[in-house]
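Here the structure is laid out as structure tokens; the discussion comes afterwards.
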Amino acid sequence: MRLTALLAAAAALYVAPAAALAAGYDDFTGNWRNDSPDGGLTRVQINMGGGGLRVRGFGQCSPTDCNWGQVNAVAYSDNVSSNPQSDATEIVATFNSGFSQTMLVLRRAGGDRLSFGMYTKFNDSRAPYVKHGMLRQMGGGWGGGPG
15 MRLTALLAAA
25 AALYVAPAAA
35 LAAGYDDFTG
45 NWRNDSPDGG
55 LTRVQINMGG
65 GGLRVRGFGQ
75 CSPTDCNWGQ
85 VNAVAYSDNV
95 SSNPQSDATE
105 IVATFNSGFS
115 QTMLVLRRAG
125 GDRLSFGMYT
135 KFNDSRAPYV
145 KHGMLRQMGG
155 GWGGGPG
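First residue of the sequence shown: 15, per this note's numbering; consecutive thereafter.
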């Protein structure tokens, strides 16, 4: 629990621009691709489900992307009186692979973009790490291939 709070605080420092873009759930849903995966996150699918947002993440593996599975996301707004469904500024999804936990923080970056911070902590002696980047919204499907 303490690690999650610490990671959330670190993520907030990374993604906190001068003025956050308020967005609703609809502004996050869709298929998103990382044009520069650099060994990490390649794509994300975000949809409605279970009374909120669901996120499926994919990581760079060979010969095809690794499917991290689908998890519930938590939507955050700028203040306690906001409604995240219509005023979310970012969403957080946490994936547990069994050997690591990855917290993915997604924020609207204007137009067809999402910025992300990906915080991974391992259950063994490997050091935790963070990757930051941008995702671009894809129309319809994935255009014929993984990753």
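Backbone N, C-alpha and C define an ideal beta-carbon position, used for all residues, glycine too.
In three-state DSSP terms, what is S129?
Here the question's residue 129 lines up with position 115 in the sequence shown. Three-state DSSP puts S129 in a strand.
Would you give the residue range spanned by the beta strand (DSSP E) that F109 belongs to?
In the sequence shown, the residue the question calls residue 109 occupies position 95. Counting along the chain, the beta strand (DSSP E) containing F109 begins and ends at E104 to N110.
Give me the residue from L118, L55 and S139 with the minimum Cα distance to Y133.
Within the sequence shown, the letter at position 119 stands for residue 133. Y133 has its Cα closest to that of L118, out of L118, L55 and S139.
Can you tell me whether Q115 is helix, strand or coil according to DSSP?
Stepping through the sequence shown from its first residue, residue 115 is reached at position 101. The answer is strand: DSSP assigns Q115 an E or B state.
Per the DSSP calculation, C80 is bridged to which residue(s)?
In the sequence shown, counting from the first residue as 1, residue 80 sits at position 66. In the DSSP output, where bridge partners are listed per residue, C80 has G73.
Report yes or no: do the stretch 46-55 and the stretch 85-96 share at least 3 C-beta pairs separated by less than 8 Å?
no
Would you kindly work out how many angstroms separate the C-alpha atoms of R127 and V58, rounded to a whole number?
In the sequence shown, the residue the question calls residue 127 occupies position 113. In the sequence shown, the residue the question calls residue 58 occupies position 44. Rounded to whole angstroms, R127 to V58 spans 12 Å at the Cα level.
What's the C-alpha gap between P160 and M152?
In the sequence shown, the residue the question calls residue 160 occupies position 146. In the sequence shown, the residue the question calls residue 152 occupies position 138. With a pLDDT of 41 at P160, under the threshold of 50, the predicted position of this residue should be treated as unreliable, and no value is reported.
When the Cα atoms are used, what is the spatial distance from Y143 to F113?
The residue labelled residue 143 in the question sits at position 129 within the sequence shown. The residue labelled residue 113 in the question sits at position 99 within the sequence shown. Their Cα atoms are separated by approximately 14 Å.
To the nearest angstrom, report how far apart G66 and T56 are at their CA atoms.
Working through the sequence shown from its first residue, we reach residue 66 at position 52. Working through the sequence shown from its first residue, we reach residue 56 at position 42. G66 and T56: Cα-Cα distance of roughly 23 Å.
So, using beta-carbon positions, are G83 and R68 closer together than 8 Å?
The residue labelled residue 83 in the question sits at position 69 within the sequence shown. The residue labelled residue 68 in the question sits at position 54 within the sequence shown. Contact: no.
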